[in-house]
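Peer 1:
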Amino acid sequence: MVGSRQYPDEPSGPFPSPPTTFEDREGRSIEIRAPAAFADDALDDVVEMYVEFDPTDRAQGIPPTGEDRIRNWLETIAEDSVTVVAFHDGDAIGHAMLVPDSDDPDAIAEKSDIEWELAIFVLQAYQQAGIGTVLLENLLGHATDLGIRRVWLTVERWNNPAIALYERVGFESTGTESFEQEMAILLDN
């Protein structure tokens with residue numbers, strides 16, 4: 001069931017879908033994959049990425065710190081979330097996911113009838129190289145392929161690079177709290 005959140009009038013897209021390979025601004029070959037519920041050791045790769053993640057770059061309490069807490073967090077959301085992972089030389093260096101804004105298993109299975117919250121993280125050594133944009137576009141393309149239409153997020157109001165990234169792909173501001181900016185996108189299905 002769709003909540004009371006505001007969405008743009010016009011849908012955005014189309015977006016590419018994984019798998020995608022591209023060269024980032026630093027000349028590194030980056031591969032974007034959409035692992036099925038963290039199959040093929042992708043969970044271990046993403047856990048390792050978050051263990052390396054600088055805790056000062058955490059947003060709104062995520063990712064958690066400590067390997068056990070990270071693994072538990074990812075395992076808790078893995079079954080119902082939609083995930084894409086960026087890899088460089090076999091190592092996970094970016095992760096983007098959509099988490100359903102519902103506890104109803106039937107609504108989650110239907111996908112298009114609910115809202116999905118976005119989270120995206122790129123290791124600090126790989127930021128500002130265009131990886132976040134491609135990772136986000138591939139997540140939105142994968143979501144479109146699955147029938148997802150409504151995606152929202154919150155971002156700290158002073159995080160101008162992240163806000164610019166979200167606006168580039170079609171997110172629009174829908175509200176503000178004292179420390180957070182809410183943004184939303186309607187996907188073109």
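Each step along the sequence shown adds one to the number in the UniProt record's numbering, with nothing skipped, and position 46 is 46.
From the three backbone atoms N, C-alpha and C, an ideal C-beta is built for every residue, glycine too.
All figures in this text were calculated on a predicted structure; none of them were measured in a lab.
Considering only residues of the UniProt domain "N-acetyltransferase" (30–188), which uninterrupted alpha helix (DSSP H) runs meet the minimum length of 4 residues and lie entirely inside it, listed in chain order?
Peer 2: 42–52, 67–78, 105–110, 131–145, 160–169
Peer 1: So for Glu23, helix, strand or coil by DSSP?
Peer 2: strand
Peer 1: Verify whether the separation of the beta carbon atoms of Ser102 and Ile108 is less than 8 angstroms.
Peer 2: yes
Peer 1: Looking only at its own chain, which residues have a Cβ that is under 6 angstroms from the Cβ of Asp80, when we skip the five neighbours before and after it?
Peer 2: Pro100, Ile108
Peer 1: Use the C-beta contact count for Gly132: other C-beta atoms within 10 angstroms, 16 or more gives buried, fewer gives exposed.
Peer 2: buried
Peer 1: What whole-angstrom Cβ distance do Ile185 and Val151 have, given they're in contact under 8 angstroms?
Peer 2: 5 angstroms
Peer 1: With a threshold of 16 other CB atoms inside 10 Å of the CB of Glu67, please say whether the residue is buried or exposed.
Peer 2: exposed
Peer 1: Beta carbon of Asp188, beta carbon of Gly27: below 8 angstroms?
Peer 2: no
Peer 1: Could you tell me if Ser112 is buried or exposed, where buried requires 16 or more neighbouring beta carbons within 10 angstroms of its beta carbon?
Peer 2: exposed
Peer 1: Pop quiz: Ile30 and Pro19 are said to be a contact at Cβ under 8 angstroms. What is the actual Cβ separation, rounded to whole angstroms?
Peer 2: Contact doesn't hold; Cβ gap of about 11 angstroms is too wide.
Peer 1: Taking the straight line between their C-alpha atoms, what separation do you get for Gln181 and Ala162?
Peer 2: 11 angstroms
Peer 1: Can you tell which of Asp24, Leu165, Gln6 has the C-alpha that lies nearest to the C-alpha of Asp89?
Peer 2: Asp24
Peer 1: Please report the straight-line C-alpha distance between His95 and Pro105, rounded to a whole angstrom.
Peer 2: 24 angstroms
Peer 1: Going straight from the alpha carbon of Phe87 to that of Thr174, what length do you get?
Peer 2: 32 angstroms
Peer 1: Is Asp91 near Asp45, with beta carbons less than 8 angstroms apart?
Peer 2: yes
Peer 1: Helix, strand or coil for Ser12? Go by DSSP, reduced to three states.
Peer 2: strand
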